[in-house]
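Heads up, the thing below is written out as structure tokens.
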Amino acid sequence: MMERRKVDMLCVQETKWKGSKARNIGGGFKLFYHGVDGKRNGVGVILKEEYSKSVVEVKRVSDRVMNVKVKAEGMMINVISAYAPQVRCEMEEKERFSSELDKVVDGVPRKERLVIGADFNGHVGEGNRGDEEVMGMYGFKERNVEGQMVVGFAKRMEMAVVNTYFKKKEDHRVTYKSGGRCTQVDYVLCRRCNLKEIGDCEVLAGNSVARQHRMVVCRMVLEAKKKSRRVRTERKISWWKLKGEECSVRFREEVRQRLGGVEEVLDDWANTAGVIREAARKVLGVTSGKRKQDKEMWWWNEEVQESIRRKRLAKQKWDRQSDEKNRQEYKEMRQQVKRDVARAKEKAYEELDERLDTKEGEKDLYRLARQRDRAGKDVLQVRAVKDGEGNVLTSEETVLRRWREYFEQLINEENQRERRLDDVELVKQEVDRISKEEVRAAIKRMKSGKSVGPDEAWRCLGEMAVKFLTRLFDRILEGEKMPEKWRRSVLVSIFKHKGDVQSFSNYKGIKLISHTIKLWERVVEARQREEVTICEQQYGFMPRKSITDALFALRMLMEKYREGQKELHCGFVDLEKAYNRVPREELWYCMRKSGVSEKYVRVVQDMYEDSVTAVKCAVGMTDWFKVKVGLHQGSALSPFLFAGVTDRLTDEVRQESPWTMMFTDDIVICGESIEQVEKSLERWRYALERREMKLSRSKTEYMCVNEREGSGVMRLQGESWRRWRSSGTWGQQCKVMEIVLEK
Numbered sequence: 001m002m003e004r005r006k007v008d009m010l011c012v013q014e015t016k017w018k019g020s021k022a023r024n025i026g027g028g029f030k031l032f033y034h035g036v037d038g039k040r041n042g043v044g045v046i047l048k049e050e051y052s053k054s055v056v057e058v059k060r061v062s063d064r065v066m067n068v069k070v071k072a073e074g075m076m077i078n079v080i081s082a083y084a085p086q087v088r089c090e091m092e093e094k095e096r097f098s099s100e101l102d103k104v105v106d107g108v109p110r111k112e113r114l115v116i117g118a119d120f121n122g123h124v125g126e127g128n129r130g131d132e133e134v135m136g137m138y139g140f141k142e143r144n145v146e147g148q149m150v151v152g153f154a155k156r157m158e159m160a161v162v163n164t165y166f167k168k169k170e171d172h173r174v175t176y177k178s179g180g181r182c183t184q185v186d187y188v189l190c191r192r193c194n195l196k197e198i199g200d201c202e203v204l205a206g207n208s209v210a211r212q213h214r215m216v217v218c219r220m221v222l223e224a225k226k227k228s229r230r231v232r233t234e235r236k237i238s239w240w241k242l243k244g245e246e247c248s249v250r251f252r253e254e255v256r257q258r259l260g261g262v263e264e265v266l267d268d269w270a271n272t273a274g275v276i277r278e279a280a281r282k283v284l285g286v287t288s289g290k291r292k293q294d295k296e297m298w299w300w301n302e303e304v305q306e307s308i309r310r311k312r313l314a315k316q317k318w319d320r321q322s323d324e325k326n327r328q329e330y331k332e333m334r335q336q337v338k339r340d341v342a343r344a345k346e347k348a349y350e351e352l353d354e355r356l357d358t359k360e361g362e363k364d365l366y367r368l369a370r371q372r373d374r375a376g377k378d379v380l381q382v383r384a385v386k387d388g389e390g391n392v393l394t395s396e397e398t399v400l401r402r403w404r405e406y407f408e409q410l411i412n413e414e415n416q417r418e419r420r421l422d423d424v425e426l427v428k429q430e431v432d433r434i435s436k437e438e439v440r441a442a443i444k445r446m447k448s449g450k451s452v453g454p455d456e457a458w459r460c461l462g463e464m465a466v467k468f469l470t471r472l473f474d475r476i477l478e479g480e481k482m483p484e485k486w487r488r489s490v491l492v493s494i495f496k497h498k499g500d501v502q503s504f505s506n507y508k509g510i511k512l513i514s515h516t517i518k519l520w521e522r523v524v525e526a527r528q529r530e531e532v533t534i535c536e537q538q539y540g541f542m543p544r545k546s547i548t549d550a551l552f553a554l555r556m557l558m559e560k561y562r563e564g565q566k567e568l569h570c571g572f573v574d575l576e577k578a579y580n581r582v583p584r585e586e587l588w589y590c591m592r593k594s595g596v597s598e599k600y601v602r603v604v605q606d607m608y609e610d611s612v613t614a615v616k617c618a619v620g621m622t623d624w625f626k627v628k629v630g631l632h633q634g635s636a637l638s639p640f641l642f643a644g645v646t647d648r649l650t651d652e653v654r655q656e657s658p659w660t661m662m663f664t665d666d667i668v669i670c671g672e673s674i675e676q677v678e679k680s681l682e683r684w685r686y687a688l689e690r691r692e693m694k695l696s697r698s699k700t701e702y703m704c705v706n707e708r709e710g711s712g713v714m715r716l717q718g719e720s721w722r723r724w725r726s727s728g729t730w731g732q733q734c735k736v737m738e739i740v741l742e743k
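Using the UniProt record's numbering, the letters of the sequence shown map in sequence onto residues 1 to 743.
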């Protein structure tokens with residue numbers, strides 16, 4: 001109905017839905033709602049797709065008041081849905097509603113647009129003598145006490161009751177009709193200064209929205225500000241088609257014809273990559289560049305659509321002639337629609353159930369779950385962010401500039417550290433050329449669907465890819481210089497699902513790196529693992545080790561101390577922005593100290609030389625900026641490099657496992673007393689912070705197994721730790737381990 005009537009925003013009341021969520025309701029429309037008990041009240045706002053994607057903030061005050069802030073036409077529009085208590089309700093409830101609505105309206109800046117769509121359950125009445133500044137002459141019937149409250153609210157907030165300014169026949173002013181009783185209780189309000197933007201406002205008498213209430217439609221004409229050129233979604237190559245045998249064969253032949261000999265293409269990697277992509281575009285095709293529509297109505301069919309059309313016609317017929325025959329026909333059509341919808345859903349779910357036995361069916365299920373989870377989020381794309389002082393930035397230029405400033409400062413921030421006075425002996429030795437077996441192993445280790453670009457391309461090309469990559473990697477190793485194209489990466493911000501979605505501190509950045517450079521990193525990593533031995537206490541990204549082993553060892557240790565009725569003290573430590581804080585000079589020192597060949601040190605240095613990145617966000621891509629500190633997030637080599645750095649820096653402070661265990665930057669330190677753990681922690685702090693790597697005070701936690709009365713408080717430099725108190729239940733204690741240790 002909204003699509004047919006070209007309605008962009010709709011305020012709904014008395015939804016009687018429990019919870020505070022958002023959901024797609026089909027046709028590209030999204031409902032934001034809030035309710036408490038599911039039996040009464042409840043409010044919501046429905047937005048067209050282009051506006052639901054531009055939601056900046058949702059404030060759910062109560063089951064009677066909510067506000068959705070949307071960025072549209074270059075301005076902020078606040079859409080408030082309100083549902084006032086009925087006439088028979090207590091005055092206390094009415095005053096509480098009035099206070100909530102006043103508070104929400106007061107919180108809207110004057111420079112932002114404000115529209116209220118509400119069921120006020122009051123009659124403002126015809127005429128406007130004495131109230132000319134807030135209403136027109138075309139209300140309906142007599143004013144009552146609740147209607148006077150509406151007028152009083154409009155005066156306090158300098159707003160206008162839009163319904164009353166347009167002369168309409170009675171049927172287009174009545175918003176509630178039941179049993180021959182006609183009233184006007186639903187209103188649209190806007191600021192008086194914006195009343196000139198209202199083109200029309202009337203009631204749609206022939207549309208069935210609810211049994212008694214009718215839709216009030218207000219046409220608002222906004223002066224659109226000049227928009228920046230809309231960036232179309234990138235048309236991506238359909239790499240997934242390589243799973244088909246026919247496409248794989250055609251792709252291999254096309255690449256072979258275009259590349260010719262390997263020798264000729266090694267000198268220009270950018271041109272070679274372009275040739276492969278062009279071959280893929282020709283054989284595999286590209287996507288449309290349009291965003292996929294929501295699948296919440298994936299069960300919809302023509303039978304359901306026809307039933308709803310007949311129901312709508314029956315309602316219109318009953319509205320024109322209110323007799324028993326027409327009422328009964330409308331009632332039967334409503335029941336028929338419910339039956340048709342149930343059959344359509346049942347059939348669709350049966351088909352989905354049959355596909356679950358296949359690998360593709362499992363992917364469909366996970367894809368559907370992700371879509372529904374995404375549909376339940378209020379803000380899908382963060383187009384407005386807050387600056388350091390909490391002010392909301394809305395223009396694309398300022399948003400992009402703020403994203404760049406934040407991440408440029410975050411990943412280039414350096415802490416103080418002691419200067420090293422000792423020299424390290426360089427390991428200068430000849431290294432073997434890259435072999436085809438190494439390249440095959442690297443390709444085999446790469447996971448499909450996890451990296452940027454043609455995940456399946458190198459696998460599909462088979463021996464031709466192995467031959468080409470072997471020659472390419474060998475040339476890079478010999479010259480210690482990788483292609484300049486590989487020095488660029490795209491940084492994607494990922495919300496941590498906690499705190500304010502517009503606050504930068506609640507985001508982490510992951511770099512999207514070329515798939516081919518990851519293969520090169522895998523080859524280099526495999527060679528370094530042959531030269532370097534990482535300590536047994538490290539369980540992260542180590543061969544034949546996993547977090548399960550660390551959890552098992554810790555549980556066994558706790559069980560032994562529980563059986564012996566002795567206290568076991570555990571400190572769970574996390575490093576502050578670990579990957580982003582590793583100093584490059586410290587990385588080179590630790591590699592050389594661990595006995596890595598100087599050839600590989602220079603190869604890794606080349607990977608980090610002149611590296612630049614740009615932040616990709618909802619409003620576009622920022623300018624490029626240099627990355628001078630830390631390891632590359634998303635790199636295949638970074639976990640091993642980080643493990644090597646922590647291994648060298650903590651060589652003199654580590655205890656044997658399970659008293660000390662690490663999973664990359666997560667550490668657990670155990671001891672028989674608080675003092676013992678405190679001393680160990682202080683040694684760890686000194687060893688790491690003197691080299692610019694800090695312990696996270698906010699994430700450091702402490703737990704005692706078999707805690708007795710009088711146990712002290714664990715401290716770090718005078719600051720007490722957050723404490724998990726053991727309840728004596730083994731399962732709960734194990735759950736604490738999983739929360740702290742698992743990645």
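All residues carry an ideal CB built from backbone N, CA and C; glycine is no exception.
M159 classed as buried or exposed, judged by whether at least 16 other C-beta atoms fall within 10 angstroms: buried
Option nearest V124 by Cα separation, candidates E93, M91 and Y165: Y165
Compute the distance between the beta-carbons of F642 and L631, then report whether it is under 7 Å. yes
How big is the Cα-Cα spacing for M156 and L47? Note on identity: in this sequence residue 156 is Arg, with Met being the wrong assignment. Answer to the nearest angstrom: the Cα atoms are 28 Å apart.
Would a C-beta distance cut-off of 7 Å place K511 and S489 closer than the cut-off? Yes, the pair counts as a contact, with Cβ atoms nearer than the cut-off.
Does any CB atom of chain B fall closer than 7 Å to the CB of F407? The structure shown has no chain B; it contains just one protein chain.
6 Å Cβ shell around C182 - same chain, five flanking residues per side excluded: V174
Are the Cβ atoms of E576 and K496 separated by less than 7 Å? no
So the alpha helix (DSSP H) C460 belongs to, where does it begin and stop? C460 -> alpha helix (DSSP H) spans A457 to L461.
Classify E437 as buried or exposed, calling it buried when 16 or more other Cβ atoms lie within 10 Å of its own Cβ. exposed
Between the alpha carbons of V287 and K241, how many angstroms are there, rounded? The residue you asked about is not Val; residue 287 is Thr in the sequence shown. T287 and K241: Cα-Cα distance of roughly 12 Å.
How many Å lie between V12 and R88 at the Cα? 21 Å
Return the Cβ separation of A375 and R23 in integer angstroms, given the expectation that the two are a contact with Cβ distance under 8 Å. 6 Å
Kindly provide the ranges of any beta strand (DSSP E) runs that are 3 or more residues long and lie completely inside the stretch 534-599, ordered along the chain. 568-574
Report the partner residues of D200 according to the DSSP bridge assignment. R219
From this set, V615, L461, D606 and L477, which residue's C-alpha is nearest E254's C-alpha? L461
Which residue from M66, T272 and C590 puts its Cα closest to that of F468? Measuring from the Cα of F468, the nearest candidate turns out to be T272.
Once DSSP output is grouped into helix, strand and coil, what is the label at H497? Look at H497 here: in three-state DSSP terms it is coil, with no helix or strand label.
Hey, could you find the ends of the beta strand (DSSP E) E92 is sitting in? First-last for E92: M91 to D106, but that is the alpha helix (DSSP H), not the beta strand (DSSP E).
Could you have a look at L10 and say whether DSSP puts it in helix, strand or coil? strand
Where does L472 land, buried or exposed, given buried means 16+ other C-beta within 10 angstroms? By the 16-neighbour rule on beta-carbons within 10 angstroms, L472 is buried.
From V7 to E246, what does the alpha carbon distance come to, in whole angstroms? 47 Å
Among K168, S493 and F153, the one whose alpha carbon lies nearest that of G139: Ranked by how close their Cα comes to the Cα of G139, the residues K168, S493 and F153 have K168 in first place.
Assigned secondary structure, residue 798 (DSSP; H/G/I helix, E/B strand, else coil): Given that the chain is displayed from residue 1 to residue 743, the structure contains no residue 798 and the question cannot be resolved.
Would the stretch 480-494 count as touching the stretch 426-440 if we require 3 or more Cβ pairs under 8 Å? no
Taking its Cβ as the centre, do 16 or more other Cβ atoms sit within 10 Å of R230, making it buried, or is it exposed? For R230, the predicted structure reports a pLDDT of 49, less than 50, and the residue's modelled location is therefore unreliable. A value from the coordinates is still provided. The residue in question, R230, is exposed, as its Cβ has fewer than 16 Cβ neighbours within 10 Å.
What number of angstroms, rounded off, separates the C-alpha of R475 from the C-alpha of R683? Answer to the nearest angstrom: the Cα atoms are 44 Å apart.
Just to confirm my understanding: we take S238, look at its own chain, exclude 5 residues before and 5 after, and list those with CB closer than 6 Å. What are they? Here the set comprises L284 and G285.
Please say whether D63 and G44 have beta carbons closer to each other than 7 Å? no
Could you tell me which whole alpha helix (DSSP H) segments of length 4 or greater appear in the stretch 342-389? 359-375
Nearest-angstrom Cα separation, counted from W299 out to K347: Straight-line Cα distance between these residues: approximately 8 Å.
How should C218 be labelled, buried or exposed, when 16 other C-beta atoms within 10 angstroms of its C-beta is the threshold for buried? buried
Among the residues of its own chain, which have a CB less than 8 Å from the CB of E278, if the five just before and after it don't count? R258
Three-state secondary structure assigned by DSSP to N163: helix
What's the call for I494, buried or exposed, on a 16-neighbour Cβ count within 10 Å? exposed
Between G499, V524 and G130, which has its C-alpha nearest T470's C-alpha? V524
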